[in-house]
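Chain order of the listed sequences is A and B.
Our numbering puts the first residue of the first sequence at 123, with every later residue one more than the last.
Our numbering puts the first residue of the second sequence at 51, with every later residue one more than the last.
Glycine included, each C-beta is placed from N, C-alpha and C at the ideal position.
Accompanying notes for the structure given below.
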Amino acid sequence: GDSVTQTEGPVTLSEGTSLTVNCSYETKQYPTLFWYVQYPGEGPQLLFKVPKANEKGSNRGFEATYNKEATSFHLQKASVQESDSAVYYCALSDSGGSNAKLTFGKGTKLSVKS
Amino acid sequence: ETAVFQTPNYHVTQVGNEVSFNCKQTLGHDTMYWYKQDSKKLLKIMFSYNNKQLIVNETVPRRFSPQSSDKAHLNLRIKSVEPEDSAVYLCASSTWGLYEQYFGPGTRLTVL
Chain A
123 GDSVTQTEGP VTLSEGTSLT VNCSYETKQY PTLFWYVQYP GEGPQLLFKV PKANEKGSNR
183 GFEATYNKEA TSFHLQKASV QESDSAVYYC ALSDSGGSNA KLTFGKGTKL SVKS
Chain B
51 ETAVFQTPNY HVTQVGNEVS FNCKQTLGHD TMYWYKQDSK KLLKIMFSYN NKQLIVNETV
111 PRRFSPQSSD KAHLNLRIKS VEPEDSAVYL CASSTWGLYE QYFGPGTRLT VL
């Protein structure tokens, strides 16, 4: 079946430093890839999605490129802020199936200190 | 306001009791989901419904049963809760054929 592996947390950074959260995936299909973010006390919310290989997604200063050859979708941000403290999930869609199922990675908890 | 709403926010109960959680979405979606999120933040799909029909039923114990009255509502009943059921239960919705899901704030269940 499909699987997603991402950087194990927790990750602690100082404000203004750069972030990379690695994400690699396995699937026999042609998935759409997602990054979700979950702030404390809330449900996960979509950060952005990329449906096509070799394209980049971005939102709020975060970005990731769908690398089909390397089966990777690493999340990056040049300069993190305290408000970026959250859990980040990489996910892929079961595009070959009919149930629009998402497979999530285990999540990476990010803490940003001022 | 268009969103996914869940009630209650928290629930504390004893082993063996029955609990029910409610979920309603006002986004006009036709597909709804229940996820379980454990203490390590791991998200696991439990069920998904499309237009009141069960589509996905992952391997969950029989004491869990989803209930859908219409495409905007998907409730979750747990008969005879056990300590390992302590978790956050997240409801989500989407449009069939589109993959982005919208989540509610979750219901935190504590089983004593």
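For residue i: DSSP bridge partner residues
{"i": "residue 186/A", "result": "179/A"}
{"i": "residue 161/A", "result": "BP columns for residue 161/A are empty, so no partner."}
{"i": "residue 120/B", "result": "123/B"}
{"i": "residue 100/B", "result": "81/B, 103/B"}
{"i": "residue 160/B", "result": "62/B"}
{"i": "residue 203/A", "result": "For residue 203/A, which the question treats as bridged, DSSP gives no partner whatsoever."}
{"i": "residue 139/B", "result": "86/B, 157/B"}
{"i": "residue 91/B", "result": "Bridge partners of residue 91/B: none, in fact."}
{"i": "residue 225/A", "result": "214/A"}
{"i": "residue 74/B", "result": "55/B, 123/B"}
{"i": "residue 191/A", "result": "DSSP lists no partner for residue 191/A."}
{"i": "residue 148/A", "result": "125/A"}
{"i": "residue 197/A", "result": "143/A"}
Delimiting residues of the beta strand (DSSP E) encompassing residue i
{"i": "residue 211/A", "result": "208-215"}
{"i": "residue 143/A", "result": "141-143"}
{"i": "residue 171/A", "result": "167-172"}
{"i": "residue 231/A", "result": "230-235"}
{"i": "residue 67/B", "result": "Where residue 67/B is concerned, there is no enclosing beta strand (DSSP E), given that its DSSP letter is neither H nor E."}
{"i": "residue 135/A", "result": "133-136"}
{"i": "residue 125/A", "result": "125-128"}
{"i": "residue 55/B", "result": "54-57"}
CB contact check: residue i to chain B, cutoff 7 Å
{"i": "residue 215/A", "result": "yes"}
{"i": "residue 164/A", "result": "yes"}
{"i": "residue 179/A", "result": "no"}
{"i": "residue 174/A", "result": "no"}
{"i": "residue 127/A", "result": "no"}
{"i": "residue 226/A", "result": "yes"}
{"i": "residue 154/A", "result": "yes"}
{"i": "residue 190/A", "result": "no"}
{"i": "residue 229/A", "result": "yes"}
{"i": "residue 169/A", "result": "no"}
Residue-chain proximity (residue i, chain A), Cβ-Cβ < 7 Å
{"i": "residue 154/B", "result": "yes"}
{"i": "residue 121/B", "result": "no"}
{"i": "residue 149/B", "result": "yes"}
{"i": "residue 91/B", "result": "yes"}
{"i": "residue 104/B", "result": "no"}
{"i": "residue 159/B", "result": "no"}
{"i": "residue 140/B", "result": "yes"}
Spatial distance of residue i from residue j (CA atoms)
{"i": "residue 88/B", "j": "residue 229/A", "result": "11 Å"}
{"i": "residue 151/A", "j": "residue 196/A", "result": "19 Å"}
{"i": "residue 189/A", "j": "residue 182/A", "result": "21 Å"}
{"i": "residue 93/B", "j": "residue 162/A", "result": "15 Å"}
{"i": "residue 156/B", "j": "residue 192/A", "result": "35 Å"}
{"i": "residue 146/A", "j": "residue 128/A", "result": "6 Å"}
{"i": "residue 152/B", "j": "residue 136/A", "result": "30 Å"}
{"i": "residue 56/B", "j": "residue 185/A", "result": "31 Å"}
{"i": "residue 110/B", "j": "residue 154/B", "result": "21 Å"}
{"i": "residue 141/A", "j": "residue 164/A", "result": "22 Å"}
{"i": "residue 104/B", "j": "residue 52/B", "result": "24 Å"}
{"i": "residue 166/A", "j": "residue 155/A", "result": "15 Å"}
Residue j beta carbon less than 7 Å from that of residue i
{"i": "residue 210/A", "j": "residue 143/A", "result": "yes"}
{"i": "residue 71/B", "j": "residue 126/B", "result": "yes"}
{"i": "residue 112/B", "j": "residue 130/B", "result": "no"}
{"i": "residue 63/B", "j": "residue 69/B", "result": "yes"}
{"i": "residue 59/B", "j": "residue 80/B", "result": "no"}
{"i": "residue 161/B", "j": "residue 223/A", "result": "no"}
{"i": "residue 137/B", "j": "residue 86/B", "result": "yes"}
{"i": "residue 204/A", "j": "residue 159/A", "result": "no"}
{"i": "residue 122/B", "j": "residue 83/B", "result": "no"}
Below-7 Å beta-carbon distance, residue i vs any chain E residue
{"i": "residue 232/A", "result": "The structure shown has no chain E; the protein chains it does contain are A and B."}
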